[in-house]
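Okay, structure first, notes after.
Numbering (my numbering), first residue to last: -11 to 350.
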């Protein structure tokens, strides 16, 4: 009788890389060699820049291959501009990216807005320069003299603004290198949000220097909006394991999508979290709460590949225009209503999970 096949790994579920676009002479970087060796059968296509790939970025026809592109394509490039941008919300600084794009396909994600249409993982291969820059930047800050919403003690650096570090770790060792780095840096902490349970990270040694923020939303919403991600129950179940492995673990309740049964669904989620988490995880727990911000061009794109999600995301009866800090025209929930809904949700959280400190809510 044949042996049953083992369940697919996270990498096998998300990635079947068939084409790698890369900048000229990319092989001079050891990290590029690692990625190319990891996917030896992939076609290699040289391009002038990782930011300008004809047929991939800004191509309206790409909407028909949205998920396929994320599964089958990688991009390798060099990160040339290194800057740690002040933030003050989730982190003190946004670290220079070691990647952008994502293998997952959350329909509300803002990253596709930047390059247009499906945006697969781009790996930045000059990790040594990025890590060196971060070490020097952290050293220049000196001790944090006053606690803030980011952290009471450490300067916090967000590593994953333009992607998901748990998925990036399936492709290269960039994320592991930064987890190792922040495990050694005094007064500084790495942070990233994730929707993927990558248990390979449990074998690393973060030494308390990395905060993992598991993003959660009610399962009925995630089923329609969080495509190609780990199930909500799997994310919740992983919290205790990551705490045990030496990570600080927070929760990222986002995006909060308002609909007719939204509060009831969030109550069920909070009860589910409370039932699963152990005392050690609860003792160190904090969260962020972020209400949905959407965008009309992304709405139009989504209608071409996942219109059912837009039934929840695009609600002109509840939303109003909003200009982002970068000058982009977005839509958000109407300000007066959002303020009331935010208070309702934070009150509900305080009732169901009183130990969970809210670092910020907006």
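Cβ atoms here follow ideal geometry from the backbone N, Cα and C, with glycine treated the same way.
Residue i, enclosing beta strand (DSSP E) - first and last residue
{"i": "residue 317", "result": "317 to 321"}
{"i": "residue 270", "result": "Residue 270 -> not in any beta strand (DSSP E); alpha helix (DSSP H) instead, spanning 267 to 271."}
{"i": "residue 347", "result": "345 to 349"}
{"i": "residue 201", "result": "198 to 204"}
Pair within 7 Å by beta-carbon distance, residue i and residue j
{"i": "residue 78", "j": "residue 109", "result": "no"}
{"i": "residue 154", "j": "residue 173", "result": "no"}
{"i": "residue 241", "j": "residue 275", "result": "yes"}
{"i": "residue 210", "j": "residue 220", "result": "yes"}
{"i": "residue 227", "j": "residue 280", "result": "no"}
{"i": "residue 23", "j": "residue 160", "result": "yes"}
{"i": "residue 181", "j": "residue 201", "result": "yes"}
Whole-number beta carbon distance between residue j and residue i, since they are thought to touch under 8 Å
{"i": "residue 300", "j": "residue 213", "result": "7 Å"}
{"i": "residue 253", "j": "residue 208", "result": "6 Å"}
{"i": "residue 302", "j": "residue 282", "result": "6 Å"}
{"i": "residue 66", "j": "residue 113", "result": "6 Å"}
Assigned exposure category for residue i - 16 Cβ within 10 Å defines buried
{"i": "residue 25", "result": "exposed"}
{"i": "residue 179", "result": "buried"}
{"i": "residue 325", "result": "exposed"}
{"i": "residue 158", "result": "buried"}
{"i": "residue 291", "result": "exposed"}
{"i": "residue 312", "result": "exposed"}
{"i": "residue 298", "result": "buried"}
{"i": "residue 289", "result": "buried"}
{"i": "residue 236", "result": "buried"}
{"i": "residue 16", "result": "exposed"}
{"i": "residue 136", "result": "exposed"}
Collapsed DSSP secondary structure at residue i in the structure displayed
{"i": "residue 217", "result": "coil"}
{"i": "residue 70", "result": "coil"}
{"i": "residue 375", "result": "Examination of residue 375 is not possible in this model, given that the chain is present from -11 through 350 alone."}
{"i": "residue 41", "result": "coil"}
{"i": "residue 326", "result": "helix"}
{"i": "residue 240", "result": "strand"}
{"i": "residue 85", "result": "coil"}
{"i": "residue 154", "result": "helix"}
{"i": "residue 58", "result": "helix"}
{"i": "residue 80", "result": "coil"}
Extent of the continuous alpha helix (DSSP H) to which residue i belongs
{"i": "residue 64", "result": "Premise fails: residue 64 lies in the beta strand (DSSP E), 61 to 65, not in any alpha helix (DSSP H)."}
{"i": "residue 354", "result": "No statement about residue 354 is possible, as the shown extent of the chain runs from -11 to 350 and does not include it."}
{"i": "residue 301", "result": "295 to 301"}
{"i": "residue 256", "result": "250 to 264"}
{"i": "residue 18", "result": "18 to 26"}
{"i": "residue 129", "result": "115 to 129"}
C-beta neighbour in chain C for residue i, strict 7 Å
{"i": "residue 72", "result": "Absent here is chain C; the protein component of the structure consists of one chain."}
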